[in-house]
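Quick note on the numbering used here: the sequence shown kicks off at 16 and runs consecutively. C-beta: ideal position from N, C-alpha, C; glycine also.
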Amino acid sequence: MGPQTTAHAWGIETRFAQSTPCRVDMTINQTIFMAHMPEMIQAGLFNTQVTPALQKQIPHYLMNTLQIDVTPGFVHALFTQRGAPAGCHFDWFYIAPDGTRHPMVGFDMTRAADARIDWAHLRFGDMAAATRNPVIDPRFDALVNQETVDVTIALGQNQNAAESELPPPSNAGKPAQ
């Protein structure tokens, strides 16, 4: 994706290596991504109940939600191009505010598997079932799981409040003291 795209402006970089098999690396810059959350909410990518206070508490949950939403379309677009590769490896990463790059998820996909998916009636999980060698980084998975609990509690406490009372932030991913 070029620097003129909305995805790039929101902190999402894509690098495509024309190798055999091909490789696609997608990276979310957490700081830029979080700074543009109001625009993404306005565009309908995220619920309006994801308040600024909640956003600070659930960055990994939000980045995971984005990758779940955009990955199927990106994969399908790649495999329906003229001269599409027979297979490709996809990796998602994020760059933390301290500048370190962390893995999120990775998987292999083939053009044949892409062709078997009913893209016109895609349901949650259809593409994941067609992938090979899925890898979910255990640290990222733990952070997303904890933040999923946090967001569920926060949104369940008061769905109509502009700024609901939030539970205290979790210590997931932080060393014990």
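Is residue i helix, strand or coil by DSSP?
i: residue 107; result: strand
i: residue 88; result: helix
i: residue 35; result: coil
i: residue 62; result: coil
i: residue 42; result: strand
i: residue 149; result: strand
Looking at the unbroken beta strand (DSSP E) that takes in residue i, where does it start and where does it end?
i: residue 123; result: 116-125
i: residue 135; result: Taken as a continuous stretch (DSSP letters only), residue 135 belongs to no beta strand (DSSP E), as it is neither H nor E.
Straight-line CA distance for residue i to residue j?
i: residue 94; j: residue 117; result: 27 Å
i: residue 28; j: residue 49; result: 15 Å
i: residue 139; j: residue 120; result: 17 Å
i: residue 57; j: residue 114; result: 27 Å
i: residue 96; j: residue 172; result: 46 Å
i: residue 74; j: residue 92; result: 27 Å
i: residue 55; j: residue 61; result: 6 Å
i: residue 135; j: residue 37; result: 25 Å
i: residue 21; j: residue 142; result: 24 Å
i: residue 152; j: residue 82; result: 14 Å
i: residue 169; j: residue 70; result: 11 Å
i: residue 79; j: residue 124; result: 19 Å
In the DSSP assignment, find the unbroken alpha helix (DSSP H) run with residue i in it and report its ends.
i: residue 154; result: 153-172
i: residue 23; result: 21-24
i: residue 15; result: Residue 15 is absent from the structure shown; the chain starts at 16 and stops at 192.
i: residue 96; result: Note, residue 96: premise wrong, no alpha helix (DSSP H); not H, not E.
i: residue 67; result: 67-72
Shorter than 8 Å from the beta carbon of residue i to some beta carbon of chain D?
i: residue 39; result: Reference to chain D is not applicable here, since this structure consists of a single protein chain.
Open item on the list: Closer than 8 Å is the cut-off here; do at least three beta carbon pairs connect the segment 38-47 with the segment 98-114?
Closed with: yes
Task: the segment 155-175 in contact with the segment 125-138 per 3-pair CB rule at 8 Å - done: no
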